[in-house]
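Read in order, the letters of the sequence shown correspond to residues 4 to 281 in the numbering used here. Virtual Cβ for every residue (Gly too), placed ideally from N, Cα, C. A quick note: this is a predicted structure, and the numbers were derived from the prediction, not measured. A short worksheet on the structure shown next.
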Amino acid sequence: MTRTRVLAAMIMAPVAIAAVLLLSTPWMVAAAAVLFLAGLWEWFRLAEIDDALARGVLLLANLLLMVALVWASSTDGSGSLVLFKLLALLGLVWWLLAALWLRRPQFASDHDTHARVLKLAAATASVIPAWCALAVIHAGQPHGHRWLLIALAIVWAADTGAYFAGRRFGRRKLAPRISPNKTIEGLLGGIVAGVLVAVLAAPLAGAGLAQLPLVALVALLTVLFSVIGDLFESLLKRHVGAKDSGTMIPGHGGLLDRIDGVLAALPAFAVAQIWLGF
Numbered sequence: 004m005t006r007t008r009v010l011a012a013m014i015m016a017p018v019a020i021a022a023v024l025l026l027s028t029p030w031m032v033a034a035a036a037v038l039f040l041a042g043l044w045e046w047f048r049l050a051e052i053d054d055a056l057a058r059g060v061l062l063l064a065n066l067l068l069m070v071a072l073v074w075a076s077s078t079d080g081s082g083s084l085v086l087f088k089l090l091a092l093l094g095l096v097w098w099l100l101a102a103l104w105l106r107r108p109q110f111a112s113d114h115d116t117h118a119r120v121l122k123l124a125a126a127t128a129s130v131i132p133a134w135c136a137l138a139v140i141h142a143g144q145p146h147g148h149r150w151l152l153i154a155l156a157i158v159w160a161a162d163t164g165a166y167f168a169g170r171r172f173g174r175r176k177l178a179p180r181i182s183p184n185k186t187i188e189g190l191l192g193g194i195v196a197g198v199l200v201a202v203l204a205a206p207l208a209g210a211g212l213a214q215l216p217l218v219a220l221v222a223l224l225t226v227l228f229s230v231i232g233d234l235f236e237s238l239l240k241r242h243v244g245a246k247d248s249g250t251m252i253p254g255h256g257g258l259l260d261r262i263d264g265v266l267a268a269l270p271a272f273a274v275a276q277i278w279l280g281f
């Protein structure tokens, strides 16, 4: 299994990096839409929408929302992507609410219609703002594509740092009722790794020495939100007794398992970057 995971990662990572750095923003946004909608399809499974037709209708509704946002933004002559920025901000608010949900793991776990509606709303509130945030970051001038890669690298580094720090030093459980393997020591290791990668990479995206403390602050925020995203998907899986969100990626489970932290991290990074002005 470990060998399969490594091989899959060796294929996925270069493809993702190349897409971020080489694609124009419209093509990057289109590629991200396909990726995020595939993750949304798996989310519907975790929300216990078993009928393929029902999933297809829900997926189409979210796709049409993406199309509507692109169309509305195309009429904005300033190219400010104001709707995308607003949705990214709303996504940040949603993930703060999701953090409160995590404090009550049994909420919406009773498999009834009420719970399904909440989880479907959470799906749209997670995926659409993350997609909008990705567009905002990538479209930034003059080095938006590099900043997007840094945002993703923060999440990847945090995942890796948390894994190794947790294995070596993990003692205190972070959220035992949701994800028993996660530890506070792992979280701290992930924060260190994510902040370090951001500070080292930021000069390549044009950040000056005086901006590095701000970059470190944004990286810290990004890591913390990525953990919320990771834990929230773990909560959804625990509610339905699933180990993985799917089987799309060999050795890694489902696609949603790979992007859960990214969904929460991107709005945090985009809003913080706009707010702090770098």
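C-alpha gap between M4 and G256, whole angstroms: Per-residue confidence for M4 stands at a pLDDT of 43, beneath the threshold of 50, marking its modelled position as unreliable; the derived number appears in the next sentence. Note on geometry: alpha-carbon atoms of M4 and G256 lie some 11 Å from one another.
Under the three-state DSSP convention, the category L177 falls into: Note: L177 maps to strand in three-state DSSP.
Segment limits, alpha helix (DSSP H) that includes T116: From DSSP, the alpha helix (DSSP H) with T116 extends over 116-142.
Range covered by the beta strand (DSSP E) that runs through T186: 182-186 is the span of the beta strand (DSSP E), which, as asked, contains T186.
Residue from G209, H141, W278, F272 with nearest C-alpha to L26: Check the Cα spacing between L26 and each of G209, H141, W278, F272: the tightest is with H141.
Simplified DSSP state of M4, which is helix, strand or coil: Any reading at M4 needs caution, since the residue's pLDDT is 43, under 50, leaving its predicted position unreliable; the model's value is listed next. Here M4 sits in coil by DSSP.
Reference E188; option with closest CA among R149, G42, P216, A161: Ranking R149, G42, P216, A161 by CA distance to the CA of E188 puts A161 first.
Beta bridge counterpart(s) of G209 as assigned by DSSP: None, per the DSSP bridge assignment.
Residues near F87 by beta carbon distance below 8 Å, same chain, minus five either side: L72, S76, C135, A136, A138, V139.
C-beta atoms of V158 and S229 nearer than 8 Å: Cβ distance < 8 Å, so V158 and S229 count as in contact.
Three-state secondary structure assigned by DSSP to G256: Strand, per DSSP.
Buried versus exposed, by CB contacts within 10 Å (16 or more), D53: Under this definition D53 is an exposed residue.
Exposed unless 16 or more other CB atoms sit within 10 angstroms - verdict on T116: T116 is exposed by the Cβ-count criterion.
Contact under 8 Å by Cβ, V202 with F281: V202 is not a Cβ neighbour of F281, given a cutoff of 8 Å.
Residue from G173, L40, T78, F172 whose Cα sits closest to the Cα of V60: Comparing alpha-carbon positions, the option among G173, L40, T78, F172 lying closest to V60 turns out to be L40.
CB-CB length for E51 against V243, believed under 8 Å: At roughly 6 Å, the Cβ-Cβ gap stays under 8 Å, so E51 and V243 are in contact.
Best match in V226, A273, A16, L105 for proximity to I194 [C-alpha to C-alpha]: For I194, the closest C-alpha among the options V226, A273, A16, L105 is that of V226.
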